[in-house]
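A short worksheet on the structure shown next.
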Amino acid sequence: MRAPRPSLSRAGRRSCRPRWAFRSVSRMHPLRSALAAALAGLLAITLSTSVSPAAADHYDGAPGPVHAGNTFGWYQHGVFRQEFIGPKPAFWKKKGRGVVRTQNGMLTLMSTQRGSVSATLDLKGHTYGRWEIRMRARTMSKVKGGKPFKVVTELVPGGTRDQHCGGRDIGIENFTLGTNTVKSYVHTLPNNSYRGFLGRHLRNDRWHTYGVEVAEDHVSWFVDGHVINTERRAEALDPVTRQLKFELRAKGGQKMDPARMQMDWMRYWTMRAPNEKSIKAPQLELSTFNGAC
43 MRAPRPSLSR
53 AGRRSCRPRW
63 AFRSVSRMHP
73 LRSALAAALA
83 GLLAITLSTS
93 VSPAAADHYD
103 GAPGPVHAGN
113 TFGWYQHGVF
123 RQEFIGPKPA
133 FWKKKGRGVV
143 RTQNGMLTLM
153 STQRGSVSAT
163 LDLKGHTYGR
173 WEIRMRARTM
183 SKVKGGKPFK
193 VVTELVPGGT
203 RDQHCGGRDI
213 GIENFTLGTN
223 TVKSYVHTLP
233 NNSYRGFLGR
243 HLRNDRWHTY
253 GVEVAEDHVS
263 WFVDGHVINT
273 ERRAEALDPV
283 TRQLKFELRA
293 KGGQKMDPAR
303 MQMDWMRYWT
313 MRAPNEKSIK
323 APQLELSTFN
333 GAC
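Residue numbers for the sequence shown, in this note's numbering: 43 to 335.
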């Protein structure tokens with residue numbers, strides 16, 4: 043017997059609309075019709091994106107599931123999860139200029155005007171599995187001559203010998219603040235970059251969920267509970283132990299507009315549970331990654 047599905051996140055619980063909200067009011071008594079309209083309006087406000095932003099902005103603009111872990115059945119074999127309630131655990135290692143802390147139940151990265159800041163999960167990594175996060179970001183202020191930060195979530199190899207200056211990273215999400223295109227990718231040596239792009243509403247403080255599934259024969263990417271790319275070419279599959287890293291990435295040597303990146307939660311699941319839905323999706327485009335070393 044299959045284990046019961048776990049409860050959804052705060053956003054997931056808010057995104058469920060009761061059936062009566064869709065009932066036509068045209069055949070109701072006028073008083074009932076007016077009352078129903080008022081209640082429907084109140085419900086619309088309650089479910090608006092200002093209250094539950096993760097319930098919107100789904101693939102192709104259609105309402106849908108909030109996160110892939112529940113949609114594809116991964117939740118049955120979860121291994122590690124973070125809700126970021128309470129003090130920041132010591133295994134989230136900060137690097138760079140800025141602040142990394144927990145704030146109101148979110149892991150929060152705050153940058154300065156100079157340099158990058160990152161938080162890496164300093165625990166034993168995994169070669170295969172599923173990772174998913176719920177994240178938002180914003181530009182906090184504009185400074186004269188300032189440049190926008192890149193908001194990056196990656197799986198990075200453990201140990202300096204394997205990192206090759208990003209040449210073996212898997213990008214779960216990567217976008218520049220102020221734009222509306224999110225990039226996903228996998229880098230392999232010596233300088234290959236398999237990458238995909240997706241239009242998304244990425245303006246200040248828009249919540250989205252991003253996930254990746256790394257298997258022996260494929261890598262798949264997920265945004266807001268929908269699979270967007272699946273890469274199966276052997277040349278793109280690089281079996282190395284990796285761990286999660288969040289980063290506000292500056293342009294080298296330039297003044298930046300101070301920014302904030304916040305993670306509501308993160309999950310890691312094993313590959314034990316089969317996907318309950320198809321992961322068929324377009325493959326990535328092949329390019330080059332000039333930063334490898």
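The beta-carbon is built from N, C-alpha and C at its ideal position, and this holds for glycine as well.
Straight-line measurement puts the Cα of Asp259 at about 30 Å from the Cα of Thr218. The Cβ-Cβ distance between Gly171 and Met303 does not fall below 8 Å.
Segment contact: the segment 297–311 against the segment 203–211, fewer than three CB-CB distances shorter than 8 Å; contact not assigned. For Trp307, the secondary structure class from DSSP, reduced to helix, strand or coil, is strand.
In this structure Ala334 does not touch Ile270 by the C-beta definition: roughly 25 Å separates them, more than the 8 Å allowed.
The segment 238–248 and the segment 220–227 touch, with three or more beta-carbon pairs separated by less than 8 Å. A Cβ-Cβ distance of about 29 Å is found for the pair Thr283 and Gly147, leaving them out of contact under the 8 Å criterion.
In the structure shown, His119 falls within a helical segment according to DSSP collapsed to helix, strand and coil.
Under the three-state reduction of DSSP output, Glu277 falls in the helix class. Just measuring C-alpha positions, the residue of Glu255, Ser183 and Val121 sitting nearest Lys166 is Val121.
Judged by DSSP secondary structure, Arg291 falls within the beta strand (DSSP E) whose first and last residues are Arg284 to Arg291.
The way I'd put it, the segment 263–280 doesn't touch the segment 183–194; fewer than three beta-carbon pairs between them come closer than 8 Å. Counting along the chain, Asn234 sits inside the beta strand (DSSP E) bounded by residues Asn234 to Gly241. DSSP places Asn146 in no beta strand (DSSP E); its state is neither H nor E. Gly220 carries a coil assignment under DSSP once its states are collapsed to helix, strand and coil. DSSP places Ala315 in the coil class of the three-state scheme, outside both helix and strand.
Proximity to Ser160 across Val261, Arg291, Trp173 and Ile127 peaks at Arg291, based on C-alpha coordinates. Excluding five sequence positions before and after Lys136, the CB atoms of its chain that fall closer than 8 Å to its own CB belong to Val142, Val159, Ser160 and Ala161, given in chain order. By the beta-carbon neighbour count (other beta carbons within 10 angstroms, threshold 16), Gln296 is exposed. For Ala110, the enclosing alpha helix (DSSP H) covers residues Ala110 to Thr113. In this structure, the straight-line span from the alpha carbon of Arg178 to that of Leu231 is close to 31 Å.
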